[in-house]
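Numbering (this note's numbering), first residue to last: 112 to 426.
Note that CB positions come from ideal geometry on N, CA and C, so glycine has one too.
What follows is a set of notes on a single structure, which appears directly below.
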Amino acid sequence: MNGILRDMVRENHVRVDELIYPVFVAEGENICRPVKSMPGICQYSLDRLPEELDRTVDAGVRAVLLFGIPAHKDPKGSGAYDEDGIIPQAVRLIRERYEDLLVIADVCLCEYTSHGHCGLVREGEILNDETLPLLAAASVAYARAGADIIAPSDMMDRRVAAIRTALDRAGFVHIPILSYAAKFASGYYGPFRDAAQSAPGFGDRRTYQMDPANGREALREVEQDLAEGADMIIAKPALAYMDVIREIVYHYNVPVVAYNVSGEYAMVKAAAANGWIDERRIVMENLLGFKRAGAGMIITYHALEAAGWLQEERR
Ligand code: PBG
Ligand code: ZN
Numbered sequence: 112m113n114g115i116l117r118d119m120v121r122e123n124h125v126r127v128d129e130l131i132y133p134v135f136v137a138e139g140e141n142i143c144r145p146v147k148s149m150p151g152i153c154q155y156s157l158d159r160l161p162e163e164l165d166r167t168v169d170a171g172v173r174a175v176l177l178f179g180i181p182a183h184k185d186p187k188g189s190g191a192y193d194e195d196g197i198i199p200q201a202v203r204l205i206r207e208r209y210e211d212l213l214v215i216a217d218v219c220l221c222e223y224t225s226h227g228h229c230g231l232v233r234e235g236e237i238l239n240d241e242t243l244p245l246l247a248a249a250s251v252a253y254a255r256a257g258a259d260i261i262a263p264s265d266m267m268d269r270r271v272a273a274i275r276t277a278l279d280r281a282g283f284v285h286i287p288i289l290s291y292a293a294k295f296a297s298g299y300y301g302p303f304r305d306a307a308q309s310a311p312g313f314g315d316r317r318t319y320q321m322d323p324a325n326g327r328e329a330l331r332e333v334e335q336d337l338a339e340g341a342d343m344i345i346a347k348p349a350l351a352y353m354d355v356i357r358e359i360v361y362h363y364n365v366p367v368v369a370y371n372v373s374g375e376y377a378m379v380k381a382a383a384a385n386g387w388i389d390e391r392r393i394v395m396e397n398l399l400g401f402k403r404a405g406a407g408m409i410i411t412y413h414a415l416e417a418a419g420w421l422q423e424e425r426r
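Structure follows, in structure tokens:
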């Protein structure tokens with residue numbers, strides 16, 4: 112009986128519908144390349160992608176966040192806004208084969224630039240304004256391919272406005288923008304940069320990502336992005352920034368998404384592999400923590416495993 116009462120008074124729940132699974136799609140053939148620092152996560156070429164998407168759908172996960180890994184990188188990140196680039200191709204494949212999968216396309220240049228920065232670079236400086244049309248072109252290309260949501264993660268100033276205008280002009284007024292508004296310059300992205308081969312070749316991202324010391328600045332970034340037309344907001348990383356999630360939820364009446372990033376995933380996997388923690392328990396506790404902080408949706412590399420555990424709990 113106590114168990115029933117505990118269930119009834121439980122304040123927060125993790126639901127499989129709220130999980131978003133990040134997927135790395137690589138140009139090439141017959142690729143299923145494990146990411147060393149992220150056990151269980153691989154890069155897939157288009158011909159192998161359906162294996163992972165079948166697992167996603169079978170697990171009951173209904174949304175994916177796509178990242179592209181081009182065969183060639185150049186200073187301008189051309190692969191990001193090529194209509195036949197890896198992401199438009201992946202999106203078209205999903206549209207053809209998977210009826211019930213929500214496709215969120217990450218928009219950034221860093222996976223496509225030879226220098227690994229999120230924007231154009233001249234003489235060691237990031238060119239904010241010159242980058243905006245490229246981000247807008249990428250967004251339109253992904254929308255045209257059939258993406259449901261556009262998620263810019265570059266952190267250039269005024270990019271949400273540029274993307275909104277471009278989408279509207281191209282006839283995609285209905286496509287929402289999920290903005291990485293509160294994105295901190297974090298050590299927790301390390302494993303992702305292995306996965307996307309996108310570590311900056313010089314310097315770091317501190318000129319455009321936020322200082323981990325600043326919580327109030329995050330709110331200003333959110334306000335700015337909402338004013339420019341963002342429909343939903345991502346806070347990232349998640350674990351060390353629970354206060355930021357909570358503050359955004361209190362201040363703004365929009366859906367807030369927690370991004371449980373690569374380094375958070377890697378730490379859990381490493382400790383679990385050593386038998387130092389109970390993986391299932393820790394993962395579910397982290398996910399529940401994001402919900403308690405007020406997040407609506409959760410982007411997590413644990414999505415498929417978590418979905419399996421949630422299903423077991425229901426039985
Ligand atoms: C690209 C991007 C990054 C992440 C999401 N989009 C990397 C970065 O900014 O260096 C990180 C995701 C993760 O660590 O899981 N701008
Ligand atoms: Zn980037």
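Item                                                                                                                                                 : Value
Tell me which residue opens and which closes the beta strand (DSSP E) that Q335 is part of.                                                          : That residue, Q335, is in no beta strand (DSSP E); its alpha helix (DSSP H) goes R327 to E339.
Does the distance between the C-beta of R317 and the nearest non-hydrogen atom of the ligand PBG fall short of 7 Å?                                  : no
Considering Cα atoms alone, identify which of R316, Y319 and G405 is closest to E358.                                                                : G405
In chain order, what residues of the same chain lie with their CB nearer than 7 Å to the CB of C143, ignoring the 5 residues before and after it?    : C153, Y155 and R159
Quick check on the burial criterion: 16 or more other C-beta atoms within 10 angstroms. Buried or exposed for M149?                                  : buried
At which residue ranges does the stretch 370-400 contain complete alpha helix (DSSP H) runs of 4 or more residues, listed in the order of the chain? : 373-384
Just verifying my parser: in three-state terms, what is the DSSP assignment at R269?                                                                 : coil
Listed by chain order, which residues have C-beta atoms less than 6 Å from any heavy atom of the ligand ZN?                                          : C219, C221, C229, S264 and D265
Looking at G227: is its Cβ nearer than 8 Å to the Cβ of G298?                                                                                        : no
Run the CB neighbour count on Y412, radius 10 Å, all protein chains shown included, and call it buried at 16 or more, exposed below.                 : buried
Which residue or residues does DSSP assign as beta-bridge partners of E236?                                                                          : R233
Return yes when the C-beta of G190 is under 7 Å from any heavy atom of the ligand PBG, and no when it is not.                                        : no
Between Y300 and the rest of its own chain, which residues show a CB-CB distance below 7 Å, the 5 nearest in sequence each way excluded?             : V372, S373 and G374
Just grab the DSSP bridge partners of D217 for me.                                                                                                   : A262
What are the boundary residues of the beta strand (DSSP E) that P133 is part of?                                                                     : L130 to A137
Closer than 7 Å: is that where the CB of S309 sits relative to any heavy atom of the ligand PBG?                                                     : yes
Counting along the chain, where does the beta strand (DSSP E) carrying A292 start and finish?                                                        : L289 to K294
Measuring only the C-alpha atoms, how far is A381 from N397?                                                                                         : 16 Å
Which residues mark the beginning and the end of the alpha helix (DSSP H) in which Q308 is found?                                                    : Segment: none, Q308 is in no alpha helix (DSSP H) and carries neither H nor E.
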